[in-house]
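Each residue of the sequence shown is one higher than the one before, starting from 11 at the first, in this note's numbering.
Remarks on the structure that follows.
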Amino acid sequence: MPTWIVAHSDEFCNFLVPLLAGLSTAQLRHALNFVDAILVCTAKHKTLATLTRLLRLDHADAYAWADFFRVSPWSGETVRTAVTVCLLRIVVALQARTGWRLLFLSVDDSLCVKDVDTTKLQAVSFYYDHVEPRRQQGRFSNASKYVSLQLQLGSAQWLLTWRPYYKRSQVQKLNRQRRRQGLAPLGYSSLITLVEQMLDEIAPHLPNACHVYVLFDSWYASQSLYAFIRAHGWDWIGAAKSNHTLDHFQLAQWWHHLGHQPIERITLRSTKGSHTYATRYRVGRLRRYPEPVLAVISKRTRRDFRPVYFLSSDTHLSVRCLLKYYGFRWQAEVNNFYLKERLGLADYRLQSIEAIVNWHALVFAAYAFMQTQRAQPLFQNPKATLPTVGDCLVEHQRWHARQMIGHIAHLVRTGWSDAQLVAELLP
């Protein structure tokens with residue numbers, strides 16, 4: 011039996027209403043209804059029609075919701091900025107309460123995969139897909155793409171901000187359409203530029219007492235991003251490709267050049283158990299990068315012919331710490347799972363770029379609410395064991411189930427007949 015929404019909780023409204031301050035009364039009502047519905051809905055696909063059927067509130071209409079996303083005058087980018095600033099205030103307060111000094115910013119991108127025949131959604135195009143079983147044409151999938159920035163402080167994590175990414179050819183095609191429609195043209199930004207924009211946005215709001223590490227995979231390994239991060243006074247840890255040159259040799263050659271160095275075996279634990287890696291390291295200089303870096307070569311076994319390479323600007327890190335810190339990027343995969351599988355980030359049926367950004371903004375706001383609820387015990391006890399985001403989501407759904415049962419009991423007490431109850435609850 012589905013859970014119907016008959017009211018919004020005080021915690022929910024206290025978190026979201028200040029973030030939606032620029033919306034009119036009607037827009038605010040639509041936004042709150044939508045965010046609460048995607049948190050409560052357990053259907054595989056969160057379409058507007060499916061979400062509307064959960065609401066037992068005034069003005070719940072799928073067509074009104076569609077107009078709210080497509081033509082209503084509000085900006086998802088404004089909501090995104092408000093959510094980011096709110097989360098950073100919470101981070102600063104938590105750092106002051108706990109005294110934690112290590113802060114990690116993790117960069118990742120992901121695809122919202124659509125059907126291979128989808129052609130009318132402006133944000134959707136064919137992108138290289140890392141997930142082989144999901145690929146639709148060769149190595150590519152028809153999808154929209156976003157890049158996100160996650161923050162981790164102690165045991166608490168937040169997805170701070172995000173940006174949609176469009177290919178250069180995609181932007182050129184859309185701009186030809188937008189010129190005919192009299193709309194402002196889109197600007198192309200590379201993934202590296204989007205990451206730099208996000209880091210610039212959050213830099214003034216981070217706690218001053220923290221040592222900041224920026225984590226990224228080999229797709230973002232570039233001299234410009236290295237220098238940009240160091241210009242902020244932060245350190246970076248990233249995966250690297252085998253052809254990176256360190257002290258005149260490619261990383262792929264250094265395992266044999268370091269044959270005189272004893273192999274250091276590092277055991278790391280994960281959700282699937284523990285694994286021991288064979289590692290060697292070297293401190294040297296990259297080509298066209300002025301500062302020394304720490305390079306770590308990691309193999310699953312001594313005879314592994316496909317080692318993994320890591321680089322860090324912090325040359326004082328131990329190999330164990332570098333691998334442990336880089337492992338914090340796994341939370342980005344958890345975020346993507348909840349956003350796409352549980353909250354319907356990829357379930358939009360909207361054509362325009364602006365409408366899709368609005369959909370994304372409210373889904374990310376819903377996830378920010380869940381992550382904030384998860385971190386609340388730390389303000390009372392910094393050593394508290396935190397629930398998972400899934401536990402917080404289930405608790406939110408149980409609150410609505412209790413409200414629904416109370417609503418049905420109230421209708422029965424006021425004399426409603428069986429036929430009236432059926433018509434109200436199962437229209």
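We treat Cβ as the ideally placed atom computed from N, Cα and C, and that holds for glycine.
Treat the numbers as computed from the prediction; the structure is a model and nothing was measured.
Query raised in the report: Per DSSP, which one or two residues make a beta bridge with residue 225?
Result: DSSP, once it has assigned bridges, lists 116 and 247 as partnering residue 225.
Report task. Within the same chain, show all residues whose beta-carbon is closer than 8 angstroms to that of residue 290, passing over the 5 residues directly before and after it, in chain order. Result -> 264, 265, 268, 271, 273, 274, 306 and 307
Query raised in the report: Which residue's Cα is closest to the Cα of residue 318: 369, 393 and 228?
Result: 228
Report task. Hey, could you find the ends of the alpha helix (DSSP H) residue 234 is sitting in? Result -> 233-241
Query raised in the report: Which residues does DSSP pair with residue 152 in a beta bridge?
Result: 136
Requested in this report: Going by CA-CA distance only, name the one from 414, 99, 149 and 17 that's closest to residue 161.
Outcome: 99
Requested in this report: Compute the Euclidean distance between the alpha carbons of residue 401 and residue 385, then round it to the nearest angstrom.
Outcome: In a straight line, the C-alpha of residue 401 is about 12 angstroms away from that of residue 385.
Query - Nearest-angstrom Cα separation, counted from residue 158 out to residue 220 - result: 21 angstroms
Query raised in the report: Out of curiosity, what's the CA-to-CA distance linking residue 431 and residue 418?
Result: 8 angstroms
Query raised in the report: Between 175, 381, 324 and 21, which lies nearest to residue 137 when the distance is taken from Cα to Cα?
Result: Checking every option, the nearest Cα to that of residue 137 belongs to 175.
Report task. Could you check what DSSP says for residue 15 in three-state terms: helix, strand or coil? Result -> strand
**Report entry** Same chain, Cβ closer than 7 angstroms to residue 45, neighbours up to 5 away in sequence not counted
**Finding:** 26, 372, 375 and 376
Query raised in the report: Quick one: what's got a C-beta closer than 8 angstroms to residue 422's C-beta in the same chain, skipping five residues either side?
Result: 431
Requested in this report: Would you tell me roughly how many angstroms separate the C-alpha atoms of residue 16 and residue 63, rounded to the nearest one?
Outcome: Rounded to the nearest angstrom, the two C-alpha atoms are 12 angstroms apart.
**Report entry** Residue ranges of each beta strand (DSSP E) within the segment 264-345, 3 or longer
**Finding:** 274-280, 283-295, 302-309 and 318-322
Query raised in the report: Who are the Cβ neighbours of residue 336 in its own chain at under 7 angstroms, not counting the five residues just before and after it?
Result: 225, 247 and 320
**Report entry** C-beta contact flag for residue 169 and residue 381 at 9 angstroms
**Finding:** yes
Query - Top-ranked residue by Cα proximity to residue 47, from 406, 428 and 426 - result: It is 406 whose Cα lies nearest to the Cα of residue 47.
Requested in this report: Rounded to whole angstroms, what's the CA-CA distance from residue 299 to residue 241? Just pull it up for me.
Outcome: 13 angstroms
Report task. Give me the Cα-Cα distance between residue 397 and residue 379, rounded to the nearest whole angstrom. Result -> 14 angstroms
**Report entry** Minimum Cβ-Cβ distance from residue 108 to chain B less than 9 angstroms
**Finding:** Structure shown: chain B not included; a single protein chain is present.
Query raised in the report: Is DSSP giving residue 123 helix, strand or coil here?
Result: strand
**Report entry** Runs of alpha helix (DSSP H) wholly within the segment 33-98 (minimum 4 residues, chain order)
**Finding:** Within the segment 33-98, the alpha helix (DSSP H) runs of at least 4 residues that lie entirely inside it are, in chain order, 35-50, 58-62 and 72-80.
Query raised in the report: When the Cα of residue 288 is compared with those of 365, 295 and 314, which residue comes out closest?
Result: 314
Requested in this report: Output the distance between the C-alpha atoms of residue 257 and residue 149, rounded to the nearest integer angstrom.
Outcome: Spanning the alpha carbons of residue 257 and residue 149 requires a straight line of approximately 34 angstroms.
Query raised in the report: What whole-angstrom Cβ distance do residue 277 and residue 304 have, given they're in contact under 8 angstroms?
Result: Incorrect: roughly 20 angstroms between the Cβ atoms, too far for contact.
Query raised in the report: Considering only the beta carbon of each residue, do residue 3 and residue 202 sit closer than 9 angstroms?
Result: Within the shown structure, residues of the chain are numbered from 11 to 437, placing residue 3 beyond reach of any answer.
Query raised in the report: Do residue 123 and residue 146 have their C-beta atoms within less than 9 angstroms of each other?
Result: Yes.
**Report entry** Spatial neighbours of residue 353 in its chain, beta-carbon cut-off 8 angstroms, leaving aside the 5 residues before and after
**Finding:** 48, 49, 56, 373, 376 and 377
Query raised in the report: Quick one: is the Cβ of residue 357 within less than 8 angstroms of any heavy atom of the ligand PLP?
Result: This structure lacks the ligand PLP; in fact it carries no ligand of any kind.
Query raised in the report: If you compare alpha carbons, which of 199, 244 and 297 is closest to residue 261?
Result: 297
Query - DSSP-derived helix/strand/coil call for residue 168 - result: strand
Query - Rounded Cβ spacing between residue 223 and residue 244 (contact assumed at less than 8 angstroms) - result: 7 angstroms
Query raised in the report: So which of 172, 183, 53 and 113 has the shortest CA-CA distance to residue 197?
Result: 183
Query raised in the report: For the candidate residues 383, 416, 433 and 95, whose alpha-carbon lies nearest to that of residue 208?
Result: 95
Requested in this report: Helix, strand or coil for residue 175, going by three-state DSSP, please let me know.
Outcome: Three-state result, residue 175: strand.
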